[in-house]
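**Student:** Handing you this structure, nothing more for now.
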């Protein structure tokens, strides 16, 4: 989902590369690489997060926290 949003707002680097003056080319390339680092980081993430093994936490943390309540809250949380 995040990758689709990033792709929609992608910059046409080839277009801007044509209009950059030769003496500004190095600064442009540095700027472009800085802008592309977050995109590469986001695209390296999986599309869907792995499922949480709630039984594992219920066994390990029994008596300290109410894992069932936390599970309900986490499952109901949505990011738009």
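In the working numbering, the protein residues as written are 1 to 80. In this text, a Cβ means the ideal position worked out from N, Cα and C, and glycines have one as well.
Quick check: what's the CA-CA separation for residue 37 versus residue 73?
**Tutor:** Spanning the alpha carbons of residue 37 and residue 73 requires a straight line of approximately 33 Å.
**Student:** How is the alpha helix (DSSP H) around residue 11 delimited, first residue to last?
**Tutor:** First-last for residue 11: undefined, no H or E at that position.
**Student:** At which residues does the alpha helix (DSSP H) containing residue 57 begin and terminate?
**Tutor:** 54 to 60
**Student:** Start and end of the alpha helix (DSSP H) containing residue 69?
**Tutor:** 67 to 76
**Student:** Contact criterion: CB-CB distance below 8 Å. Does residue 50 meet it with respect to chain D?
**Tutor:** Here chain D cannot be found, since the structure has a single protein chain.
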